[in-house]
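Only one structure is covered here, and it is reproduced in the block below.
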Amino acid sequence: MQRVVGEAVSSIRLYFEQAANVATNATCNRAHCGAIIVKDGEIIGSGFNGPALGDEANRACDSELNLSIKPKYDKTCCIHAEWRAILNACKNNATRIDGSTLYFMRVDQNNDFTDAGDPYCTTCSRFTLESGVGFFALWNNEGADIYTAAEYNEKSYGFFVKD
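Positions -9 to 153 (my numbering) are the ones given, in order, by the sequence shown.
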């Protein structure tokens, strides 16, 4: 993992701002997240979290399901922002996703940056690795934590290691 802070973060902060802007479209009841995928300085995919197909009929969070028994990474009925960004990039630029960087941002109710925390979503980590995305960038503590897709996958599974 590479930690980017201070002056160095200014060169990539714009990507996090763009991911935060995408997050303002999120309709998930639990969190507002956005992701963009960048290759050679160009955004090739974007996504936010919300019900499948953007259809409220696909929302199950408000039902009587006991979502508390689901794993931490999937306590929602929504499509994750990362999944939607990868699918968008593949649909539009299938040959260009290899080696790209996925920038993930979570925003609060005022659309301000919030820390992403440590990787823990094994579904996102596997999907990112399989898609060919090269790097996964998370906003934390006024800086960025940038993982290779393999590091992100390993760290996500490490979150669940029993002590």
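For glycine and all other residues, C-beta sits at the position ideal for the given N, C-alpha and C. All of these numbers come straight from a predicted model, not from anything done at the bench.
Buried or exposed by the 16-neighbour rule on C-beta atoms within 10 Å, applied to residue i
i, result
"residue 12", "buried"
"residue 135", "buried"
"residue 150", "exposed"
"residue 101", "exposed"
"residue 37", "buried"
"residue 146", "buried"
"residue 4", "exposed"
Helix, strand or coil at residue i according to DSSP, with G and I counted as helix
i, result
"residue 101", "coil"
"residue 38", "strand"
"residue 3", "helix"
"residue 19", "coil"
"residue 14", "coil"
"residue -7", "strand"
"residue 134", "strand"
"residue 127", "strand"
Residue i vs residue j beta-carbon contact at 8 Å
i, j, result
"residue 119", "residue 140", "yes"
"residue 35", "residue 88", "no"
"residue 126", "residue 142", "yes"
"residue 91", "residue 133", "no"
"residue 137", "residue -9", "yes"
Expected contact under 8 Å - CB spacing of residue i and residue j to nearest Å
i, j, result
"residue 42", "residue 69", "5 Å"
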